[in-house]
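A.B. asks:
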Amino acid sequence: MRKEASLELWKKLYERAKEIDDLAPWQYVSASNLISIVSENRKDPVFLNITGMGTDFRSVNLYQGLEGYGDYHMAATVGQTDLTDDYVMFEQNVLTLYWNSMMDVSPEQREIIDQLDVKFHDLGSWMEFVSQKKRFWPHLPDEEEVKLLIDAYENLIMVIRAVRDKKIDLDLEQGECIYRVYDKETGKWNMFVDAQPDMEKQFPAVQLNEEDLKKQLQEKPQTDAELIMDFSYAGFPAQDEAYDQPVHPLMFIAVDSTRKEVLEAYFLSPDDGEIEAALNFFIAYVERHGRMKRIKARNPWIFGALADTCALCQVELVHDPIQEADAIEQDIKRRAQSQAAQGE
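Going by numbering that gives the first Met the number 0, the sequence shown wraps up at 343, each residue one higher than the last.
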């Protein structure tokens with residue numbers, strides 16, 4: 000159950016954020032750098048990424064734990080993959096502070112700002128906090144998230160001051176990471192610069208365990224069919240009574256590119272798994288139509304779901320940009336959004 004942060008907590012968060020604003024960290028830290036904090040009060044590290052150096056877009060992005068670092072790495076390397084920017088943006092869990100125009104700040108955030116009577120430098124530099132969780136529409140941070148931000152910002156302020164005062168030598172181009180770690184044995188903070196963690200976002204890989212099903216799939220005749228499979232976020236919020244905040248529907252789509260036919264297209268709920276969606280479609284298709292010749296995909300969930308089973312069934316699973324799927328997906332999402340708007 001979601002619990003809203005008190006005005007007292009919001010006041011403290013805005014005070015810390017304004018300290019960060021006054022320090023102008025984008026003058027000292029580039030978007031390729033990271034700041035990792037292991038605080039006195041929390042077990043898992045947080046990773047902070049700051050944008051604004053050389054650009055008007057300023058933000059402070061917080062990722063939690065090593066799983067959060069995987070989200071950061073996926074976002075930072077999106078240009079090296081075939082995943083769309085929209086998919087990667089919504090597939091991550093991140094707490095972000097934006098410097099925004101007053102007119103673009105959400106009504107919920109405006110209400111808090113008005114109640115606290117927070118003052119900003121000008122109408123174009125209002126501060127807004129956004130919680131982004133995969134499968135949910137971006138929303139106002141809850142109580143626990145606000146507490147996490149306060150704790151992280153208090154330590155971030157110390158890091159920025161150290162960089163500003165040249166107590167830390169940071170390479171702005173090599174993507175170095177500043178580590179600030181609390182040592183419980185000595186009761187002291189350690190701060191140093193080192194390489195970023197050497198890891199990528201992890202996606203599970205599954206195997207079929209039912210011997211009868213594996214044999215049944217292997218014995219199906221093989222056709223010349225070539226399929227495309229993908230996941231794509233809807234791009235609009237949807238209300239679901241099972242959740243206390245708007246969801247962001249994730250669409251699974253399968254297309255027979257040989258026949259130019261959409262075979263499957265539906266939106267998953269936040270509790271539906273990508274692995275199950277892809278694998279269940281594969282099994283149902285093969286049982287009905289036989290083993291396809293090839294599947295093209297760009298999404299890592301597809302490969303995690305199907306790599307082993309495709310090898311078992313001698314189906315070629317190919318990494319491909321599948322740009323031909325983009326127009327189909329956009330058309331389906333436009334129609335779904337129109338239907339949702341008519342139903343309101």
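The beta carbon of each residue, even a glycine, is placed where N, CA and C say it ideally should be.
#1: Can you check whether the CB of L61 is closer than 8 Å to the CB of L148?
#2: Would you check whether the ligand COA has a heavy atom nearer than 7 Å to the C-beta of K187?
#3: Pull up the distance between the alpha-carbon of D84 and that of S29, whole angstroms please.
#4: Please list the terminal residues of the continuous beta strand (DSSP E) segment that includes F230.
#5: Under 6 Å Cβ to Cβ from T308, same chain only, skipping five residues before and after it: list those, please.
#6: Rank E39, I34, N32, H247 by C-alpha distance to the C-alpha of T185 and give the top, closest one.
#7: Taking I167 as the reference, give the member of P320, E7, I34 with the closest Cα.
#8: Can you name the residues that DSSP bridges to F191?
#9: Distance, Cα to Cα, Y27 vs R163?
#10: Going along the chain, which residues of its own chain have a beta-carbon closer than 7 Å to the beta-carbon of K213, five neighbours each way excluded?
#11: State whether the segment 222–231 contacts the segment 286–302, with contact taken as three or more CB pairs (one from each stretch) at a distance under 8 Å.
#12: Around the Cβ of T95, are there at least 16 other Cβ atoms within 10 angstroms (buried) or fewer (exposed)?
#13: Nearest-angstrom Cα distance between Q114 and D43?
#14: To the nearest whole angstrom, what separates the beta carbons of M126 and A16, a pair I think is in contact under 8 Å?
#15: Verify whether the separation of the beta carbon atoms of K200 and D20 is less than 8 Å.
#16: Please report the distance separating the alpha-carbon of S124 from that of G51.
#17: Contact between the segment 315–333 and the segment 247–267 is defined here as three or more beta-carbon pairs at a separation below 8 Å; is this criterion met?
#18: Would you mind reading off the limits of the beta strand (DSSP E) that contains E275?
#19: Just checking, does the segment 271–286 make contact with the segment 168–177 on the three C-beta pairs under 8 Å criterion?
#20: Take G425 and list the residues in its own chain whose beta-carbon comes closer than 7 Å to its own, dropping the five residues that flank it on each side.
#21: Where DSSP assigns a beta bridge to D113, which residues make up the other side?
#22: Using beta-carbon positions only, say whether P24 and I159 come within less than 8 Å of one another.
#23: What first and last residue would you give for the alpha helix (DSSP H) that runs through Q63?
#24: Starting from F302, follow the alpha helix (DSSP H) in both directions and report where the run begins and ends.
#25: For K146 and A264, I'd like the C-alpha separation in whole angstroms.
#26: Which same chain residues end up closer than 6 Å to L171 when comparing Cβ atoms and leaving out the 5 residues on each side of it in sequence?
#27: By alpha-carbon positions, which one of I49, L122, E110, P140 ends up nearest to N92?
#28: Could you give the distance in angstroms between the alpha-carbon of K332 and the alpha-carbon of Y181?
#29: Helix, strand or coil for E347, going by three-state DSSP, please let me know.
#30: My assumption, with CB atoms under 8 Å, is that W136 sits in contact with V285. Please give the rounded CB distance.
C.D. replies: So, from the listed chains and residues:
#1: Yes, these two residues count as a Cβ contact at 8 Å.
#2: Judged by which ligands are present, the structure shown has none, so any question about the ligand COA falls away.
#3: Going by the C-alpha atoms only, they are around 21 Å apart.
#4: Its beta strand (DSSP E) spans residues 225–232.
#5: Excluding positions up to five away in sequence, the list reads L207.
#6: The option with the nearest alpha carbon to T185 is E39.
#7: Comparing alpha carbon positions, the residue from P320, E7, I34 closest to I167 is I34.
#8: Answer is Y178, bridged to F191.
#9: For Y27 and R163, the distance between alpha carbons rounds to 6 Å.
#10: So the list reads L207, L311, once near-sequence residues are dropped.
#11: Segments in contact, yes.
#12: By the 16-neighbour rule on beta-carbons within 10 angstroms, T95 is buried.
#13: If you take the alpha carbons of Q114 and D43, they lie about 33 Å apart.
#14: Indeed they touch by this definition, with Cβ atoms about 5 Å apart.
#15: No, they are not a contact pair.
#16: Those two C-alpha atoms are separated by around 13 Å.
#17: The segment 315–333, when compared against the segment 247–267, does touch it at the 8 Å Cβ threshold.
#18: Note, E275: premise wrong, no beta strand (DSSP E); alpha helix (DSSP H) at 273–288.
#19: Pairwise C-beta distances place the segment 271–286 out of contact with the segment 168–177, as fewer than three of them are shorter than 8 Å.
#20: In this structure the chain extends from 0 to 343, so residue 425 is not present and cannot be described.
#21: Paired residues: none, contrary to the question.
#22: Here P24 is near I159, since their CB atoms are less than 8 Å apart.
#23: Where Q63 is concerned, there is no enclosing alpha helix (DSSP H), although the beta strand (DSSP E) around it starts and stops at 58–63.
#24: Here the alpha helix (DSSP H) through F302 covers 299–311.
#25: Using only the alpha carbons, I get a separation of about 40 Å.
#26: For L171, where only same-chain residues beyond five positions count, the Cβ hits under 6 Å are S29.
#27: Of the candidates I49, L122, E110, P140, P140 places its Cα closest to the Cα of N92.
#28: In this structure, the straight-line span from the alpha carbon of K332 to that of Y181 is close to 47 Å.
#29: Since the displayed the chain opens at 0 and closes at 343, residue 347 lies outside it and no answer follows.
#30: Not confirmed; about 35 Å, so no contact.
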